[in-house]
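Notes to accompany the following structure.
Number of protein chains: 2
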Amino acid sequence: MILKSQVEWALHCCAILSGLPEGRYLSTKALAELHGLPKEYLSKALQNLSQAGLVDTTLGPSGGYRLAKPPEQVTFLDVVEAVEGKARTFVCNNIRENNPCLPEKYCYSGPCAVARIMWEADEAWRDKLRRVTLSDLGRMLVQETPAALWKDTFDWVLDRAG
Amino acid sequence: MILKSQVEWALHCCAILSGLPEGRYLSTKALAELHGLPKEYLSKALQNLSQAGLVDTTLGPSGGYRLAKPPEQVTFLDVVEAVEGKARTFVCNNIRENNPCLPEKYCYSGPCAVARIMWEADEAWRDKLRRVTLSDLGRMLVQETPAALWKDTFDWVLDRAG
DNA sequence: CATATTAAGGATATATAATATCCCTATTGT
DNA sequence: ACAATAGGGATATTATATATCCTTAATATG
Numbered sequence: 010m011i012l013k014s015q016v017e018w019a020l021h022c023c024a025i026l027s028g029l030p031e032g033r034y035l036s037t038k039a040l041a042e043l044h045g046l047p048k049e050y051l052s053k054a055l056q057n058l059s060q061a062g063l064v065d066t067t068l069g070p071s072g073g074y075r076l077a078k079p080p081e082q083v084t085f086l087d088v089v090e091a092v093e094g095k096a097r098t099f100v101c102n103n104i105r106e107n108n109p110c111l112p113e114k115y116c117y118s119g120p121c122a123v124a125r126i127m128w129e130a131d132e133a134w135r136d137k138l139r140r141v142t143l144s145d146l147g148r149m150l151v152q153e154t155p156a157a158l159w160k161d162t163f164d165w166v167l168d169r170a171g
Numbered sequence: 010m011i012l013k014s015q016v017e018w019a020l021h022c023c024a025i026l027s028g029l030p031e032g033r034y035l036s037t038k039a040l041a042e043l044h045g046l047p048k049e050y051l052s053k054a055l056q057n058l059s060q061a062g063l064v065d066t067t068l069g070p071s072g073g074y075r076l077a078k079p080p081e082q083v084t085f086l087d088v089v090e091a092v093e094g095k096a097r098t099f100v101c102n103n104i105r106e107n108n109p110c111l112p113e114k115y116c117y118s119g120p121c122a123v124a125r126i127m128w129e130a131d132e133a134w135r136d137k138l139r140r141v142t143l144s145d146l147g148r149m150l151v152q153e154t155p156a157a158l159w160k161d162t163f164d165w166v167l168d169r170a171g
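Here the protein sequences line up with chains A and B, keeping their order.
Under this note's numbering, residue 171 is the last one in the first sequence; the count climbs by one each step, no gaps.
Under this note's numbering, residue 171 is the last one in the second sequence; the count climbs by one each step, no gaps.
And the structure:
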């Protein structure tokens with residue numbers, strides 16, 4: 010069970026979008042080249058962000074993506090769920106209902122204990138992701154990235170943003 | 010990102026093994042029929058449990074599987090990791106290193122912030138699973154299963170255990 | 001000892017999901 | 001008018017999950 014690499018892509022793209030000056034957009038092309046990713050496929054991930062309402066888009070030259078909300082209002086969970094979907098990571102197939110000892114008409118009232126426990130763990134994972142925002146990420150990245158590289162990077166992307 | 014159904018199978022099988030009388034074994038066949046699962050494929054999951062040291066096995070008629078330790082010493086994480094592997098659910102491909110602004114010889118010192126955050130969430134998931142044991146599960150199942158069905162089920166499996 | 005039953009594991013087949021590319025359309029800034 | 005863009009459909013490729021089959025070695029039982 011491994012998350013799609015699109016999740017990683019989307020998070021890094023959001024990190025860049027978080028640092029973008031007000032009103033500017035970044036194209037798929039720029040984001041793909043910056044991260045060395047396949048443009049067309051990255052585009053699908055960005056479309057997911059758009060459909061989830063996390064980013065605004067605009068067409069034409071100098072078009073592209075920008076965050077739809079301030080970075081402190083976008084959580085990791087928002088991004089992860091936009092790309093991976095909101096379904097739980099554990100699917101209960103109710104195999105207890107195949108028990109040959111089960112009376113014909115018997116119906117279990119709720120989900121079984123196995124599922125409840127697995128879903129609690131899933132929820133703990135989501136909780137953790139919900140507590141980290143893009144602005145938290147931004148602060149961490151600024152701290153661990155050389156200032157010159159950080160500046161060069163934004164000069165580079167803004168140069169490609171028309 | 011969805012866990013293999015083998016995880017569900019392994020957990021339900023462990024639940025049954027937890028309730029088994031001392032010294033008895035249950036065969037793949039019995040476990041498969043009890044849960045309505047494909048015997049050969051379930052066998053692969055049980056082999057994973059065996060390789061992880063969670064269950065003991067013995068050959069021949071009346072052979073099969075039993076827990077290798079008391080149920081309170083086997084956690085959900087043990088079972089999940091035996092089947093799914095211990096790898097983290099988020100893989101960092103270091104796409105920041107594709108940044109064209111990155112100086113030639115530059116080398117990042119540690120994993121990037123995105124990976125650290127995702128790995129923390131992964132760890133929260135594992136923590137939760139580590140805190141639930143098979144004996145916890147057993148208590149929950151006993152409570153939510155009609156006593157007669159519970160008894161019938163163990164009579165049924167023990168009948169098939171030689 | 002002979003036999004039936006079992007786990008282990010290799011080989012292979014099938015189905016589903018992830019990754020990737022291509023192409024067409026409508027929109028928009030220049 | 002033109003070039004650049006997002007959106008999205010269709011399709012191809014690769015990887016993973018699911019499933020079956022078969023062989024081997026061990027073992028309880030008659």
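For glycine and all other residues, C-beta sits at the position ideal for the given N, C-alpha and C.
Examine chain B for any beta-carbon lying closer than 8 angstroms to the beta-carbon of asparagine 57/A, and answer yes or no.
-> Working through the first sequence from its first residue, we reach residue 57/A at position 48. So no, asparagine 57/A is outside the interface.
Closer than 8 angstroms to chain B by CB, leucine 143/A = For the purposes of this step, residue 143/A is taken as the residue at position 134 of the first sequence. Not flagged as an interface residue toward chain B: leucine 143/A, since no C-beta distance is shorter than 8 angstroms.
Of the residues that make up the region 109-123 of chain A, which ones have a beta carbon closer than 9 angstroms to any beta carbon in chain B?
-> Pro109, Cys110, Leu111, Pro112, Tyr115, Tyr117, Ser118, Gly119, Cys121, Ala122, Val123
Less than 8 angstroms between the CB atoms is what I'm expecting for tyrosine 74/B and leucine 26/B, so what's the real figure, rounded?
-> Here residue 74/B refers to the residue found at position 65 of the second sequence. Here residue 26/B refers to the residue found at position 17 of the second sequence. With 8 angstroms as the limit, tyrosine 74/B and leucine 26/B qualify as a contact, their Cβ atoms being about 6 angstroms apart.
Does DSSP classify tyrosine 50/A as helix, strand or coil?
-> Working through the first sequence from its first residue, we reach residue 50/A at position 41. Three-state result, tyrosine 50/A: helix.
What residues of chain B sit near threonine 162/A, judged by a beta carbon separation below 7 angstroms?
-> Here residue 162/A is taken as the residue at index 153 of the first sequence, counted from 1. Identification of chain B residues near threonine 162/A by a Cβ-Cβ cut-off of 7 angstroms yields Asn108, Cys110, ordered along the chain.
Find out if the Cβ-Cβ distance for the pair alanine 185/B, leucine 143/B is shorter than 8 angstroms.
-> This structure does not reach residue 185/B, given that chain B is present from 10 up to 171, and the question cannot be answered.
Does leucine 63/B come within less than 8 angstroms of chain A when only Cβ atoms are used?
-> Locating residue 63/B in the second sequence gives position 54, where the first residue counts as 1. Output row for leucine 63/B: interface = no.
Please check if any C-beta of chain B sits within less than 8 angstroms of the C-beta of alanine 54/A.
-> For the purposes of this step, residue 54/A is taken as residue 45 along the first sequence, with counting starting at 1. Chain B contact via Cβ: absent.
Flag tryptophan 18/B as yes if its beta-carbon sits less than 8 angstroms from any beta-carbon of chain A, otherwise no.
-> Here residue 18/B refers to the residue found at position 9 of the second sequence. Chain A, which has a Cβ nearer than 8 angstroms to the Cβ of tryptophan 18/B, makes this yes.
Taking Cβ-Cβ distances shorter than 8 angstroms, what residues in chain B pair up with valine 100/A?
-> The sequence position of residue 100/A within the first sequence is 91, counting from 1. Going along chain B in sequence order, the residues near valine 100/A (Cβ under 8 angstroms) are Ile11, Leu12, Ser14, Glu17.
In whole angstroms, what separates the C-alpha of proline 109/A from that of proline 79/A?
-> The residue labelled residue 109/A in the question sits at position 100 within the first sequence. The residue labelled residue 79/A in the question sits at position 70 within the first sequence. Spanning the two alpha carbons is a distance of roughly 56 angstroms.
Segment contact, 8 angstroms Cβ cut-off, at least three pairs: the region 106-124 of chain A with the region 39-56 of chain A | no
In the DSSP assignment, find the unbroken beta strand (DSSP E) run with leucine 76/A in it and report its ends.
-> The count along the first sequence starts at 1 and reaches residue 76/A at position 67. First-last of the beta strand (DSSP E) with leucine 76/A: 73-76.
Could you tell me the boundaries of the beta strand (DSSP E) in which valine 64/A lies?
-> For the purposes of this step, residue 64/A is taken as residue 55 along the first sequence, with counting starting at 1. It spans 64-67 - the beta strand (DSSP E) in which valine 64/A sits, taken as one unbroken run.
Based on the DSSP secondary-structure assignment, which residues constitute the bridge partners of threonine 84/B?
-> Taking the first residue of the second sequence as position 1, residue 84/B is located at position 75. Thr142/B, per the DSSP bridge assignment.
For threonine 37/A, which of Pro70/A, Tyr115/A, Leu55/A, Leu29/A has the nearest alpha-carbon?
-> The sequence position of residue 37/A within the first sequence is 28, counting from 1. Nearest Cα to threonine 37/A within the set Pro70/A, Tyr115/A, Leu55/A, Leu29/A: Leu55/A.
Would you say cysteine 121/A and cysteine 101/A are within 8 angstroms of each other, going by their C-beta atoms?
-> Counting from one through the first sequence, the residue named residue 121/A turns up at place 112. Counting from one through the first sequence, the residue named residue 101/A turns up at place 92. In contact: cysteine 121/A and cysteine 101/A (Cβ atoms closer than 8 angstroms).
Minimum Cβ-Cβ distance from tryptophan 134/B to chain A less than 8 angstroms = Counting from 1 along the second sequence, the entry for residue 134/B is found at position 125. Chain A contact via Cβ: present.
Is the Cβ-Cβ distance between leucine 12/B and phenylalanine 99/A less than 8 angstroms?
-> Within the second sequence, the letter at position 3 stands for residue 12/B. Within the first sequence, the letter at position 90 stands for residue 99/A. A Cβ-Cβ contact shorter than 8 angstroms links leucine 12/B with phenylalanine 99/A.
Closest by CA to histidine 44/B, which one among Thr84/B, Leu29/B, Glu17/B?
-> One-based indexing of the second sequence puts residue 44/B at position 35. Comparing Cα-Cα distances from histidine 44/B to each of Thr84/B, Leu29/B, Glu17/B, the minimum goes to Glu17/B.
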